[in-house]
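Heads up, the thing below is written out as structure tokens.
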Amino acid sequence: MPNHIVNEIRLHRVAYPVARAIASSNERVIDFEKLLPLPLNYWPGSVSILHEKAFPGTHLRAATDTWGTKWNAYALNDDSLRQDGEDTVLTFETAWAPPRGWVVAVFNTLKCDITHHWQDEGSDDVHREVYIFTGDDSMVFPKWEAETLEHGSEDHRRLYKLQWGVETPDELAESN
Numbered sequence: 022m023p024n025h026i027v028n029e030i031r032l033h034r035v036a037y038p039v040a041r042a043i044a045s046s047n048e049r050v051i052d053f054e055k056l057l058p059l060p061l062n063y064w065p066g067s068v069s070i071l072h073e074k075a076f077p078g079t080h081l082r083a084a085t086d087t088w089g090t091k092w093n094a095y096a097l098n099d100d101s102l103r104q105d106g107e108d109t110v111l112t113f114e115t116a117w118a119p120p121r122g123w124v125v126a127v128f129n130t131l132k133c134d135i136t137h138h139w140q141d142e143g144s145d146d147v148h149r150e151v152y153i154f155t156g157d158d159s160m161v162f163p164k165w166e167a168e169t170l171e172h173g174s175e176d177h178r179r180l181y182k183l184q185w186g187v188e189t190p191d192e193l194a195e196s197n
């Protein structure tokens, strides 16, 4: 069973229909394969050593290499893709790691600023990664910043609540 990573991605000044066009498929409100499909010639199912030897690759390996996480987005609901003022916010879970490969593909496609908060259920830490589109196509730009948030901060409490249903590690301990 994986560590579940709760992800909250804010696409700054991106309208809902624009975000939906690249992030949603007919089957899923958030579907990494819409923007970054996995190779058709790779084995799609459960994987053994025989599959790894017989086929050019596997979807598990391709997903990790391409999206940054083993599985597509999950724990989806009606609020997983929503408009919030001028921004669109995506909320979902991934397995083992945040989907940095997919996020940077969204960034390169939409050319917008992105704030990505994520929290690994194996840690009390909440992380913020900011992708800054400067409009300059030189090698120096764009910018990416990453930090671990202070426990008890507004963003930390919000992400912790998305993951655990309570706002702090102390509240979680008390509920068990």
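Per the numbering used here: the sequence shown = residues 22 to 197. Backbone N, C-alpha and C define an ideal beta-carbon position, used for all residues, glycine too.
Apart from the five residues just before and just after residue i, which ones in its own chain have a Cβ nearer than 8 Å to its Cβ?
i	result
residue 133	32, 33, 34, 35 and 154
residue 140	26, 27, 146, 147, 148, 180, 181, 183 and 184
residue 13	Coverage of the chain is limited to positions 22 through 197, which leaves residue 13 absent and any answer about it impossible.
Our contact map puts residue i next to residue j with C-beta atoms below 8 Å; I'd like the distance itself, whole angstroms only.
i	j	result
residue 126	residue 114	About 19 Å; that fails the 8 Å criterion.
residue 156	residue 121	Contact doesn't hold; Cβ gap of about 22 Å is too wide.
residue 143	residue 24	4 Å
residue 75	residue 91	At roughly 20 Å, the Cβ-Cβ gap does not stay under 8 Å, so residue 75 and residue 91 are not in contact.
residue 42	residue 109	The pair is not a contact, with the Cβ atoms about 11 Å apart (cut-off 8 Å).
residue 112	residue 29	5 Å
residue 93	residue 53	5 Å
Over what stretch of residues does the alpha helix (DSSP H) that includes residue i continue unbroken?
i	result
residue 181	175 to 185
residue 190	190 to 196
residue 37	37 to 44
residue 53	53 to 56
residue 48	It is not in any alpha helix (DSSP H) - residue 48 carries neither H nor E in the DSSP assignment.
residue 71	70 to 75
Starting from the C-beta of residue i, find all residues in its chain whose C-beta is less than 6 Å away, skip the five residues before and the five after it, and write them out in chain order.
i	result
residue 44	51
residue 2	The chain is shown only over 22 to 197; residue 2 falls outside these bounds and no answer can be derived.
residue 80	59, 63 and 65
residue 124	137
residue 87	57 and 122
Determine which residues share a DSSP beta bridge with residue i and list them.
i	result
residue 145	In the DSSP output, where bridge partners are listed per residue, residue 145 has none listed.
residue 168	149
residue 138	29 and 149
residue 79	64
Note the first and the last residue of the continuous beta strand (DSSP E) segment covering residue i.
i	result
residue 25	25 to 32
What does a CB cutoff of less than 7 Å around residue i pick up in its chain, not counting 5 residues either side in sequence?
i	result
residue 196	187
Runs of alpha helix (DSSP H) lying entirely within the segment 88 to 136, each at least 4 residues, in chain order: 121 to 131
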